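Residue 1 is where the sequence shown starts when you use the numbering used here, and the numbers rise one by one after that. Every residue, glycine too, gets a C-beta built ideally from N, C-alpha and C. If you're wondering where the values come from, they're calculated on a predicted model, not measured in any experiment. This report concerns only the one structure given below.
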Amino acid sequence: MITFYLVRHGETVWNKAGKFQGRTDIDLSPLGLKQADKAAEWLKNKKVDSIISSPLIRAAHTAKLIAGEQGISIEYDSGLMELSFGQWEGLTFDQINAKWPGMMDQMFRNPDGIELPGGESFNQCQERCMETMDRLISRGDEKNYVIVSHGAALRTIICGMIHIPLSCSWNLALSNASITEIQHYPGNLNVLNFLNFTGHLEEKNFNSAAKQP
């Protein structure tokens, strides 16, 4: 059995502003750093053998905090980079709707049937992400992996791992610094144990953690 902890990076200033990031390399906001630290603290209680991260700075910074708690190194894999949103990157929802009327709604409702202007399709994103996941599974070792990536990329991974249509991508909630667990069993059986866990980010947990010696 192989266990995958799928971690979305912490908040960035563009997340807060409602801007699409894609391949644009935006670092974590102060809140995002705090979120990533809490994810690292939660994972500290889990056995982690390897950390695989997107090289984009917001994911890499999140992975670095997790690695610091685990005392292990990070393996960077470009296959885990965010979907390229092309000409949408740096724009807000309203700006995109003004320039490409109806196209954003189409992306949310039919992501497997759209290619973004100057970007890539969800099918292309899933193909490269799943190449990374399949490569890890093919190692044949019973390890626990932390995968640090991005909202759209992780959605395509989850769809691919549990064999649901890519058109369901946006039916999956994935908050910043959330943790999703999938276990792989021989015979290509993948079990989604939990999705979008954010209990470690609740304010009461921030407060209680601050009171600990």
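Indicate the three-state DSSP secondary structure (helix, strand or coil) for residue i in the structure shown.
i, result
"Val146", "strand"
"Thr24", "coil"
"Lys19", "strand"
"Ile74", "strand"
"Cys115", "It is Glu, not Cys, that sits at residue 115 in the sequence shown. The answer is strand: DSSP assigns Glu115 an E or B state."
With residue i as the anchor, note down where its beta strand (DSSP E) starts and where it stops.
i, result
"Asn196", "189-197"
"Thr3", "2-8"
"Gln183", "179-185"
"Ile52", "50-53"
Going by CA-CA distance only, name the one from the options that's closest to residue i.
i, options, result
"Asp25", "His61, Thr180, Leu56", "Leu56"
"Arg8", "Asn123, Met1, Ala153", "Ala153"
"Leu83", "Thr62, Cys125, Gly90", "Cys125"
"Gly79", "Glu131, Glu202, Lys19", "Glu131"
"Glu89", "Asn188, Leu195, Thr12, Phe20", "Phe20"
"Asp27", "Ser53, Thr156, His61, Ser50", "His61"
"Glu75", "Glu142, Ile52, Lys99", "Ile52"
"Gly68", "Ala40, Ser54, Ser50", "Ala40"
"Leu189", "Leu31, Ile137, Asn123, Arg155", "Ile137"
"Asn176", "Ile72, Leu195, Ser73", "Leu195"
"Gly151", "Ile66, Phe122, Ser29, Pro30", "Phe122"
"Leu174", "Leu31, Asp112, Thr156, Lys99", "Thr156"
"Ile162", "Thr12, Gln35, Gly187", "Gly187"
"Ser54", "Pro30, Thr12, Ile66, Met81", "Met81"
Compute the Euclidean distance between the alpha carbons of residue i and residue j, then round it to the nearest angstrom.
i, j, result
"Arg139", "Met133", "10 angstroms"
"Ala59", "Pro117", "24 angstroms"
"Gln95", "Glu127", "29 angstroms"
"Gly97", "Lys64", "Looking at the sequence shown, residue 97 is not Gly but Asn. Their Cα atoms are separated by approximately 36 angstroms."
"Arg135", "Cys129", "10 angstroms"
"Tyr185", "Ile2", "7 angstroms"
"Ser170", "Asn110", "The residue asked about is misnamed: residue 170 is Trp in this sequence, not Ser. Using only the alpha carbons, I get a separation of about 9 angstroms."
"Leu192", "Gln183", "7 angstroms"
"Gln87", "Pro165", "26 angstroms"
"Trp100", "Ser50", "41 angstroms"
"Ser73", "Lys16", "30 angstroms"
"Thr12", "Gly102", "26 angstroms"
In the DSSP assignment, the alpha helix (DSSP H) including residue i goes from what residue to what residue?
i, result
"Ser138", "122-138"
"Ala173", "Careful: Ala173 lies outside any alpha helix (DSSP H) and carries neither H nor E."
"Phe108", "103-109"
"Gly90", "Element bounds for Gly90: n/a, residue is neither H nor E."
"Thr156", "151-161"
"Lys34", "30-43"
Quick one: what's got a C-beta closer than 8 angstroms to residue i's C-beta in the same chain, skipping five residues either side?
i, result
"Tyr5", "Leu43, Lys46, Val48, Asn144, Tyr145, Val146, Ile147, Ile179, Thr180, Glu181"
"Cys168", "Cys159"
"Phe197", "Ser178, Ile179, Thr180, Glu181"
"Phe93", "Gly18, Met104"
Apart from the five residues on each side of it in sequence, which residues of its chain come closer than 6 angstroms, Cβ to Cβ, to residue i?
i, result
"Met107", "Ile114"
"Gln70", "Val48"
"Lys38", "His200, Leu201"
"Trp14", "Gln21, Ile26"
"Asp77", "Ile52, Thr132"
Might you give, ordered along the chain, the residues of its own chain that have their beta carbon closer than 7 angstroms to the beta carbon of residue i, omitting 5 neighbours on each side?
i, result
"Leu33", "Gly10"
"Phe85", "Phe20, Gly22, Leu116, Gly119"
"Leu91", "Lys19, Phe20"
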